[in-house]
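Residue numbers (numbering that gives the first Met the number 0): 0 to 376.
Quick reminder that beta carbons are idealized off the backbone N, C-alpha and C, glycines included.
In this text, all values refer to a predicted model and were calculated from it rather than measured experimentally.
Structure record follows, encoded as structure tokens.
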Amino acid sequence: MPDERLTPFRLDVPQADLDDLAARLERTRWPDQMPGVGWDHGIPLERVKELAEHWRTGFDWRAQEAALNAFPQITTVIDGTRVHALHVRSPEPDALPLVITHGWPGSVADYLDVIGPLTDPRAHGGDPRDAFHLVIPSLPGFGPSGPTREPGWDVGRIARAWAELMARLGYERYGAQGGDWGTPVSCELSATVPERVVGVHLTYLPTPVPSGVDPDELTDEERSRVERMRRYLAQPAGYWRMQSTRPQTLAYALTDSPVGQLAWIADKVAEWTDPACLVSDDKLLTTVSLYWLTRTAGSSSRLYYEAATARKKPLECPVPLGVAVSPHDIVLPVRRFAERRYDLVHWTEFDRGGHFPALEVPDLYVEDVRVFFRRFR
């Protein structure tokens, strides 16, 4: 039975907010840029001007809003904070429930192209036995969930909220899928309610070198992946340092300047995307708009602060795990290391794609999610 505490939801941004956005974009105070630096100093001025002009004059928020509203959505209050989610039931009665968790700088809009094939494979040339009931929440503090109002919303608390959300929706047995922040949230969810989570599928998995591993025994590919991860951890990107140490300071700029919010997100999307699978400007601006229009730049950054100040513990996943690796992701996992830590039952190496597979390679993403969860039906 649906829970009475679930409220149907539709995005309906006031026109005044869209008019304010256009006016702010028109009045942008642009910085200078030294000639010849390209991307070395960050996203180039010419690229941000191009995106900002399209956002102001060509981008149709109402069309993107309608695309999101084409799917059922709910909000509910869990542990004192609002949680928004897309909740799309399959027409197949035996579909497997699946909770999908996005990351930063992502949103529920990342999954619009995969909802149809996952919920209704029969209508998309697939096997109806692969169908899912989808629950795609907005992380607390992100987008339509709105800002969090108190400290403590770390990965563990989010996972407990997801367990409560799935219970309120009436799901007792389900899978979990995620990447970026969706990786620790999905794993923590499986550790919180292992009797309910049948399996976890990830598109991002850091694999620290286990103790006792002889570096001389690494293959060339393993050594390359280990070095790539070490470089990333040794010199954390500026966005990571700022969001994990001074999220409030950052929030003033990103909440007051739409171009600031645009550049902050567009820089990462460009860096983490396969050049052969570029995310369209309209899809990028949909995500940026969700952060801007909900004023969640600061509250989404706080998840990094919570993670940095929380008690560190190894990532746990007590249920069967599947991993899909995109060649242009931030870091690439080592299968042998994952096998030592987890019940790894599925591993796929995509031939294209980056950090946002549901956006970049939705065909590969859908097929891999289907294949992994077939064993639990």
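Residue j and residue i - do their beta-carbons sit closer together than 7 Å?
i: P361; j: D119; result: no
i: L117; j: R376; result: no
i: H200; j: G35; result: no
i: L289; j: G142; result: yes
i: T202; j: G178; result: yes
i: G198; j: G174; result: yes
i: Y251; j: V330; result: no
i: A296; j: T254; result: yes
i: A190; j: P317; result: yes
i: A162; j: V192; result: yes
i: S298; j: G140; result: yes
i: V333; j: R222; result: no
i: P127; j: K267; result: no
i: D328; j: H345; result: no
i: A15; j: V258; result: no
Taking 7 Å as the CB-CB limit, is residue i close to chain D?
i: G174; result: Here there is only one protein chain, and chain D is not present.
Let me confirm a value: residue i is counted as buried when at least 16 other C-beta atoms fall within 10 Å, else exposed. Which label applies?
i: P1; result: With a pLDDT of 46 at P1, under the threshold of 50, the modelled position of this residue cannot be trusted; read the value that follows with caution. Result: exposed.
i: R195; result: buried
i: S137; result: buried
i: S144; result: buried
i: E359; result: buried
i: Y364; result: buried
i: D19; result: exposed
i: S279; result: exposed
i: E187; result: buried
i: T308; result: exposed
i: D39; result: exposed
i: R240; result: exposed
i: P326; result: exposed
i: W29; result: exposed
i: A233; result: exposed
i: P90; result: exposed
i: D153; result: buried
i: R310; result: exposed
For residue i and residue j, I'd like the C-alpha separation in whole angstroms.
i: E305; j: G124; result: 43 Å
i: R9; j: T75; result: 13 Å
i: R55; j: L17; result: 9 Å
i: G41; j: W271; result: 13 Å
i: D219; j: R121; result: 42 Å
i: P235; j: M228; result: 10 Å
i: D273; j: G352; result: 5 Å
i: T347; j: A323; result: 5 Å
i: T286; j: A108; result: 7 Å
i: K282; j: E216; result: 43 Å
i: V368; j: D31; result: 45 Å
i: P71; j: P13; result: 20 Å
i: A65; j: I73; result: 15 Å
i: P356; j: F349; result: 10 Å
i: W60; j: L284; result: 9 Å
i: L168; j: M33; result: 54 Å
i: P214; j: A337; result: 16 Å
i: T6; j: F372; result: 29 Å
i: L314; j: S185; result: 10 Å
i: A275; j: G79; result: 43 Å
i: G181; j: A158; result: 10 Å
i: Y110; j: R81; result: 21 Å
i: I77; j: V370; result: 32 Å
i: Y341; j: V212; result: 17 Å
i: Q63; j: R339; result: 43 Å
Does the ligand GTP have a heavy atom nearer than 6 Å to the CB of residue i?
i: G177; result: Ligands are entirely absent from the displayed structure, and the ligand GTP is therefore not among its contents.
For this session: Identify every run of the beta strand (DSSP E) within the segment 28-102, keeping only runs that are complete inside it and at least 3 residues long; order them along the chain.
Result: 72-77, 80-87 and 95-100
Exercise. Any contact of the segment 207-216 with the segment 255-275, i.e. 3+ C-beta pairs under 8 Å?
Worked result: The segment 207-216 is not in contact with the segment 255-275.
Exercise. Is the number of C-beta pairs between the segment 231-249 and the segment 21-28 that are closer than 8 Å three or more?
Worked result: no
For this session: Note down, one range per segment and in chain order, each alpha helix (DSSP H) of at least 4 residues found wholly within the segment 186-255.
Result: 219-233, 237-244 and 246-255
Problem set entry | Length-filtered (4 minimum) alpha helix (DSSP H) runs lying within the segment 119-170 | 154-167
For this session: Flag this pair as touching only if the segment 131-142 and the segment 83-103 have three or more C-beta atom pairs under 8 Å; answer yes or no.
Result: Yes, since at least three Cβ pairs between the segment 131-142 and the segment 83-103 fall closer than 8 Å, the two stretches touch.
Exercise. Touching or not, the segment 42-49 and the segment 96-106, by the rule of three or more beta carbon pairs under 8 Å?
Worked result: With the cut-off at 8 Å, the segment 42-49 and the segment 96-106 do not touch.
Exercise. Enumerated in chain order, which unbroken segments of the beta strand (DSSP E) with a length of 3 residues or greater are wholly contained in the segment 293-359?
Worked result: Complete beta strand (DSSP E) runs here, min 3: 320-324 and 343-348.
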